[in-house]
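Data block below; observations after.
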Amino acid sequence: MGTDMSNERILVVEDERDLREVLSYNLSREGFQVSVASTGSDGLQRARSQKPDMILLDLMLPDVDGLEICRLVRQDPQISRTPIIMLTAKGEETDVVVGLGVGADDYMPKPFSVKELVARVKAVLRRGAHETDEPDRRPVRRDVLEIDPSRHEVLVDGEPARFTATEFRLLHFLAARPGRVYERDTLLRRVLGDDAIRVERNIDVHIRAIRKKLGEHRDLIETVRGVGYKFRDSAAAPR
Ligand code: CA
0 MGTDMSNERI LVVEDERDLR EVLSYNLSRE GFQVSVASTG SDGLQRARSQ
50 KPDMILLDLM LPDVDGLEIC RLVRQDPQIS RTPIIMLTAK GEETDVVVGL
100 GVGADDYMPK PFSVKELVAR VKAVLRRGAH ETDEPDRRPV RRDVLEIDPS
150 RHEVLVDGEP ARFTATEFRL LHFLAARPGR VYERDTLLRR VLGDDAIRVE
200 RNIDVHIRAI RKKLGEHRDL IETVRGVGYK FRDSAAAPR
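Following numbering that gives the first Met the number 0, the numbering of the sequence shown begins with 0 at its first residue and continues without gaps.
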């Protein structure tokens with residue numbers, strides 16, 4: 000506990016105040032950045048503005064219910080891949096099935112132990128972004144970089160640069176999420192997946208290779224001492 004410096008951000012949408020506070024406290028203690036909402040509309044608004052790494056979503060909410068929120072999240076290209084765990088009350092099994100049908104990644108029937116929930120959260124995060132029919136092939140333009148996954152093409156200052164498949168995925172992943180810090184282990188999981196060979200891979204080697212290819216723009220990938228790496232947030236650090 001308390002050692003996971005993942006910095007991953009979790010949005011908790013739950014109208015029961017006590018449960019909201021318990022979740023917020025315990026997830027923060029695990030190293031997550033937690034944001035809370037007590038209504039569906041506030042939750043949706045926060046999901047859209049904060050783009051969290053995961054949403055814990057209560058099914059029964061006073062205004063817009065969890066299923067509708069889930070549906071709306073999945074329809075919004077900006078946040079459609081956000082993993083969602085539904086929090087359901089006893090006897091809502093039918094809704095649970097529907098919930099997974101509208102794109103929830105998992106569900107937790109109440110009452111649950113916080114320990115169990117934290118384990119579930121970590122497991123879903125480990126699985127990576129919500130699998131949609133469409134993999135993350137969105138082109139990214141950031142600073143001097145243009146990254147186009149559908150063509151496996153990177154332009155640095157308008158000049159094509161060659162990256163290996165792994166370097167390409169890593170660069171695309173980071174550039175699509177500027178300013179967000181990722182631990183090495185998280186990057187390995189999110190970028191390379193859970194394949195057996197990943198243990199032999201060293202993220203630092205890939206980062207070094209990427210920086211070399213970025214040349215004078217090598218500083219776009221920043222090292223966060225003791226934590227991991229992030230893509231420079233140009234809004235936060237004007238050039
Ligand atoms: Ca509720």
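Don't be surprised by glycine CBs; every beta carbon is placed ideally from N, CA and C.
These numbers were taken from a predicted model, which means no experiment stands behind them.
Would you grab the beta carbon distance between residue i and residue j for me? Rounded to a whole angstrom, and I think it's under 8 Å.
i      : j      : result
Val12  : Ser23  : Not confirmed; about 12 Å, so no contact.
Leu282 : Leu86  : The structure shown does not extend to residue 282, since the chain is modelled only from 0 to 238, so the question has no answer here.
Arg125 : Arg188 : 6 Å
Output needed for residue i: all residues of its chain with C-beta closer than 7 Å, excluding positions within five of it in sequence on either side, in chain order.
i      : result
Val47  : For the sequence presented, residue 47 should be read as Arg rather than Val. Closer than 7 Å at Cβ, skipping near neighbours: Asp75, Gln77 and Ile78.
Glu215 : none
Glu199 : In this prediction, Glu199 scores a pLDDT of 42, lower than 50, which makes its location untrustworthy; the coordinate-derived value is nonetheless stated afterwards. There are no such residues.
Val139 : Ile146, His171, Ala174 and Ala175
Asp14  : Ser37, Thr38, Asp57, Leu60 and Pro61
Pro51  : Arg8, Ile9, Leu10, Ser34 and Thr81
Asp105 : Ile84, Arg119 and Val123
Ile202 : Arg183, Leu186 and Leu187
Val143 : Val155, Asp156 and His216
Arg210 : Arg217 and Ile220
Ser112 : none
Thr222 : Tyr228
Ala246 : The first residue shown for the chain is 0 and the last is 238, placing residue 246 beyond what the model contains.
His151 : Phe167
Val21  : Val113
Ignore the nearest five residues each way along the sequence and tell me which others in residue i's own chain have a CB closer than 6 Å to its CB.
i      : result
Ala195 : Its pLDDT being 39, under 50, Ala195 is placed unreliably in this model, and the value from its coordinates should be taken loosely. So the list is empty, once near-sequence residues are dropped.
Val63  : Gly39 and Ser40
Ala88  : Lys109
Phe31  : Glu7 and Ile9
Identify, in the order they occur along the chain, each residue of the same chain with its Cβ nearer than 8 Å to the Cβ of residue i, setting aside the five sequence neighbours on each side.
i      : result
Leu327 : The question about residue 327 has no answer here: the residues shown for the chain are numbered 0 through 238.
Ala160 : Val153, Leu154, Lys212 and Leu213
Val72  : Leu43, Ala46, Ile54, Ile78, Ser79, Thr81, Ile83 and Gly102
Gln49  : Arg8, Leu10 and Ser34
Ser149 : Arg136 and Pro138
Glu67  : Gly39
Quick check on residue i: buried or exposed, where buried means 16 or more other Cβ atoms within 10 Å of its Cβ?
i      : result
Val180 : buried
Thr163 : exposed
Asp218 : exposed
Lys114 : exposed
His171 : buried
Gly157 : exposed
Thr131 : Because the pLDDT at Thr131 is just 49, under 50, the model does not fix this residue reliably, and the point stays unresolved.
Asp232 : exposed
Arg19  : buried
Gly227 : buried
Arg16  : exposed
Gly225 : exposed
Arg168 : buried
So, is the C-beta of residue i closer than 8 Å to a C-beta in chain D?
i      : result
Gly157 : Here there is only one protein chain, and chain D is not present.
Taking 6 Å as the limit, tell me which residues put their C-beta closer than that to any heavy atom of ligand 1, in chain order. So the residues near ligand 1 by this Cβ test are Asp14, Glu15, Asp57, Met59 and Leu60.
Would you list, in sequence order, the uninterrupted beta strand (DSSP E) runs of no fewer than 3 residues that lie entirely inside the region 4-79? 8-12, 32-36 and 53-57
Counting only runs that start and end within the region 164-237, where is the alpha helix (DSSP H) found for 4 or more residues in a row? The qualifying runs are 164-174, 183-186 and 202-213.
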